[in-house]
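Position in the sequence shown (first residue = 1) + 307 = the numbering used here. The beta carbon of each residue, even a glycine, is placed where N, CA and C say it ideally should be.
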Amino acid sequence: MSPEDFFAAMSQKQQPAPQVLQGPPQISMDLPPDELRRRSEELERWMAHQRQLPPAKPDRVGRQMLVQSQYASHDSSKERAGNGEVQLRMTIGGFEGHSSKNPLKDLSPIPLEELLVRKIHTGRYLLCRTIAPCVRTVGIQAVVEDQAGAAQTLAIYNYPTSEGSTPDYVDEPATQGPHPIIRVDSPSDIVFLDPSSPYLQGVEWRSGFSPPSSPLISRTPEGWKSLGNTYFQSGKWLLAARAYSRGLIMDPTVFLLHLNRAEAYLRLGYYSAAIADAEHVLSVPNVPQASRDKATFRLGKALYFMRDYLGAEERFKVWVSTHPGEADGSGWLARSQSRYRESQTGEYDWVELFRQHKKTDLDAAEYTGPVEVKALSSYGGGRGVVATREVKVGELLVVAKPFAAAFPDCTNQKELFMSLNMHTKAMETHSQTVLVSRVIETIYGNPQLYPQVRDLYAGPNAESPPSSYPPKKAPVFGLMSPDSVGVDIDADLMQAICTYNSFTPSRESPIGESDGTAKRKDMETPSALYLLPSLFNHACLSNAGWHCIGDVMAIRAMANIGAGEEITLPYCWNPSLSKRQEHLKKHLPQGCSCSFCQQERSDGDAILAQRDTLAETLGDEAVARMSLAQRRSLVEEVTVVYPASQESQGRVKPLLAKAHSAVGRKLFLAAVQHLERDLKASIDEFIKALEASGINIPKKQTKKNRKQTKSHLAISTDRVPVDYDRCIMEMSMIAACFVRLGEEDDAIPWLRAGSWLCDAVLGGGKELFLLKYSSLLERQGLREIATKSL
Ligand SMILES: C[S@@+](CC[C@H](N)C(=O)[O-])C[C@H]1O[C@@H](n2cnc3c(N)ncnc32)[C@H](O)[C@@H]1O
């Protein structure tokens, strides 16, 4: 842990019952989970104790030493990056920090000399400038001076970019630790001042330090424009936007600066800022037509990315009417129309989207189907999602794109971040750590979206969110400066919201081809925040399921759902009750009380302990080494831990399903030698496995009956099992057995069942089934019959 992260953990609000403790515990990322939790709790107590101590003057480190050490860190960081070294960084998040809610005009200045440790200087602001190059840690580390020439280390977290970060003013600074640093978690607590700002009038920097020739010196508006263009051409969008803004402060009538800034904002993903600039250009009289056209095009794109597809369509129509035959405009027009259609009908080209499954930013609209958020007071956050009408199994309920996401392959792999999350007392992965900054950055450029994130559930220690969602009214923002955010972003709240709502969006991929995340180390799994999906509560055997194609999340009904019935999602799945409770701990500290968990618990502790042991034995690698006889005896052992006395129709016995499947696979492979007997036995085992997964398999129909019903399926279609991928594979293996037995007619209903299940989970019909399970069907010689008969 870097010293600044460590000291950052020390400055907290008042908490009761401190204990006198020696010193903070050592935290490192390689600690086992239980030890990490123990030390985190100790750290929490230690921090609470620190908060009880009165504010004090810190021991200051001399200016020269701070600057020298900053240069040294800067050089070594550059050198390591130059050597291609991966830099591993750790921080702590989720403790109570401070984000200012007061506007700058209501604050009074404070010199560094007056800053105390363990104190939040509410009502004050610090005017400062950097005197050494910034260094990237988890955040950005700078050394700043105040007017008197006193120097201090400033750590800025969650700021959109480190390019040109030379803070001028910090809202309500809080210093920390005996050798203090100032830690700022929210980018809304930093304002970059224009040289003409009233806050700089009459300001003298007494140290006599002259910054190395800063490009951000005063120029003419034209000069700012060309500087902005230079930044733009080298991909430095934020610096470009800042340069255009400086020009606009000098002369707000230069519409070209707005036009160029709109494009810089588009590249940054600051869509509401881009909309304001483009609309401004269109509102100015006598702007030449070529510039109006550009503004129209940029406005169309910004509206598109803000998911206002009708608004985008309108702008692209205008553009196309003046530029007939230009493909770019008509392409955007068609995309706007397609997205609008998707958002209204819920009809998507799932096959085409699946073909692009490796992408992490797929072009798809959001869709809200027959669902609504309702107050459900029995849950944390007090809300849940219910069906607005009767819903059939497989029906599409919601399609969502992430508000922000961190996928391993698009985060900077030269830097790996880890963070100790004090909410969960667990180590967060790289993607989970990065996600918080991404959420804040998205709000930075799109401040009117803030309420949609702010109103999500933030854990048991936070204020309860409103009982309805989404928030009814979005705040309106006009022209936006890249130097300050339009809203006060509460960084701690954002961290808490990511903790309780983020998903791990493992991307669906063709069977046999991993999306790359499953095999990677834990720290490389993706993490994303989806808005409406965050309102669903958990059940282990839920009546709805979610999956991601690329970054597009689709939620579908996994059972028939009645009007007004609550719709639940599985936050995690594991055949072992205790493992599930472990994974759900942060959400349900008292344990899950869904009907499936209750049923499992009613079997008694002794049986549950046996199941846990068997769950270990049934691990994929262990099973792969077992002989047929061993697998058979495993089935016997597992059968005993699901007592017949507790039998109920359609009861899900996940371990038994795995055990029968293991036997079925072994027999299937052995069938080359003892064809008929083994193939039939294999079919029997797979059928038992499917039944243990909760699938209802109607009695065998006669051949004549089957021929009459062309669409006959081998299973009843009232629910999708939680382990559907395994079930589809088993169905195709049953079909393969029948084909080898020369009973093709019996194979087809199983292929149909697999295809139905795939469609219920993913949509896309037969075509997507053939695509996703292509290599499996090929291997089993089923491709032709599947193509023909489905
Ligand atoms: C992602 S939020 C779900 C929506 C939340 N109820 C709301 O009002 O925003 C997750 C939180 O909801 C609550 N929750 C979800 N499923 C639950 C369940 N089965 N039992 C009790 N609480 C649950 C827990 O507090 C959990 O941390």
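Any non-hydrogen atom of ligand 3 within 7 Å of residue i CB
{"i": "L763", "result": "As far as ligands go, the structure on display features ligand 1 and does not contain ligand 3."}
Residue j beta carbon less than 8 Å from that of residue i
{"i": "F562", "j": "V594", "result": "yes"}
{"i": "G411", "j": "V498", "result": "Residue 411 is actually Leu in this sequence, not Gly. Yes; because the gap between Cβ atoms is below 8 Å, this pair is in contact."}
{"i": "V450", "j": "Q377", "result": "yes"}
{"i": "F903", "j": "C847", "result": "yes"}
{"i": "F710", "j": "T749", "result": "yes"}
{"i": "A571", "j": "F539", "result": "yes"}
{"i": "L876", "j": "G852", "result": "yes"}
{"i": "L566", "j": "W544", "result": "no"}
{"i": "L704", "j": "L836", "result": "no"}
{"i": "F1076", "j": "M1040", "result": "no"}
{"i": "C1044", "j": "L986", "result": "yes"}
{"i": "C435", "j": "E452", "result": "yes"}
{"i": "K364", "j": "L419", "result": "no"}
{"i": "A569", "j": "A585", "result": "yes"}
{"i": "K619", "j": "Y611", "result": "Residue identity check: residue 619 is Ala in the sequence provided, not Lys. Contact flag set, yes."}
{"i": "D1025", "j": "V625", "result": "no"}
{"i": "N293", "j": "I747", "result": "What the structure shows of the chain is the stretch from 308 to 1097, and residue 293 is not part of that stretch, so it cannot be assessed."}
Residues of its chain near residue i, where Cβ-Cβ distance is below 8 Å and the 5 sequence neighbours each way are ignored
{"i": "P361", "result": "R425"}
{"i": "Y697", "result": "At residue 697 the sequence reads Glu, which differs from the Tyr that was named. For E697, where only same-chain residues beyond five positions count, the Cβ hits under 8 Å are N867, I868, G869, A870."}
{"i": "S774", "result": "A682, G689, R690"}
{"i": "A757", "result": "Before going further, note that residue 757 is Tyr rather than Ala in the sequence given. Counting only Cβ-Cβ distances below 8 Å, and skipping sequence neighbours, we find I750, P782, V794, I796."}
{"i": "L1078", "result": "V658, F661, R662, P817, G1071"}
Secondary structure of residue i, DSSP reduced to three states
{"i": "Y506", "result": "helix"}
{"i": "Y1080", "result": "coil"}
{"i": "L399", "result": "Here residue 399 is Ile; the residue named in the question, Leu, does not match the sequence. If DSSP states are grouped into helix, strand and coil, I399 belongs with the strands."}
{"i": "F810", "result": "strand"}
{"i": "H381", "result": "helix"}
{"i": "S590", "result": "helix"}
{"i": "R513", "result": "coil"}
{"i": "H1019", "result": "coil"}
{"i": "S376", "result": "helix"}
{"i": "Y432", "result": "strand"}
{"i": "G852", "result": "strand"}
{"i": "A462", "result": "strand"}
{"i": "L343", "result": "helix"}
{"i": "N389", "result": "Checking the displayed sequence, the identity of residue 389 turns out to be Gly instead of Asn. Here G389 sits in helix by DSSP."}
Exposure of residue i, with buried meaning 16 or more beta-carbon neighbours within 10 Å
{"i": "N844", "result": "buried"}
{"i": "T1110", "result": "Since the displayed the chain opens at 308 and closes at 1097, residue 1110 lies outside it and no answer follows."}
{"i": "D790", "result": "buried"}
{"i": "Q448", "result": "buried"}
{"i": "P772", "result": "buried"}
{"i": "A379", "result": "exposed"}
{"i": "Q905", "result": "exposed"}
{"i": "N390", "result": "exposed"}
{"i": "A324", "result": "Low confidence applies to A324: its pLDDT is 36, below 50, so where it sits in the model is not reliable, and the reading given next is rough at best. By the 10 Å Cβ count, A324 comes out exposed."}
{"i": "V678", "result": "buried"}
{"i": "R346", "result": "buried"}
{"i": "M801", "result": "buried"}
{"i": "T437", "result": "buried"}
Residues near residue i by beta carbon distance below 6 Å, same chain, minus five either side
{"i": "E873", "result": "G691, V693"}
{"i": "Y751", "result": "P467, P494, V792"}
{"i": "I1002", "result": "I1022, P1028"}
{"i": "A964", "result": "A996, A999, S1000"}
{"i": "I856", "result": "L660, F661, H664, E815"}
{"i": "K1095", "result": "none"}
{"i": "V445", "result": "R396, T398, F724"}
Residues near residue i by beta carbon distance below 7 Å, same chain, minus five either side
{"i": "S1081", "result": "P817"}
{"i": "R1086", "result": "none"}
{"i": "P767", "result": "G687"}
{"i": "V627", "result": "G636, S637, L640"}
{"i": "K721", "result": "A388, V393, Q394"}
{"i": "A671", "result": "E649, Y655, L660, V706, K708, V859"}
{"i": "I1035", "result": "G1061, L1064, C1065, Y1080"}
{"i": "S849", "result": "M865, T875, L876, P877"}
Problem set entry | At least 3 beta-carbon pairs within less than 8 Å: the region 408 to 416 vs the region 429 to 442 | yes
Exercise. Are three or more beta carbon pairs between the region 396 to 407 and the region 719 to 739 nearer than 8 Å?
Worked result: yes
For this session: Examine the Cβ distances between the region 746 to 765 and the region 573 to 586 and report whether three or more of them are shorter than 8 Å.
Result: yes
Exercise. Is it a yes or a no for the region 503 to 511 touching the region 798 to 813, going by three-plus beta-carbon pairs under 8 Å?
Worked result: no
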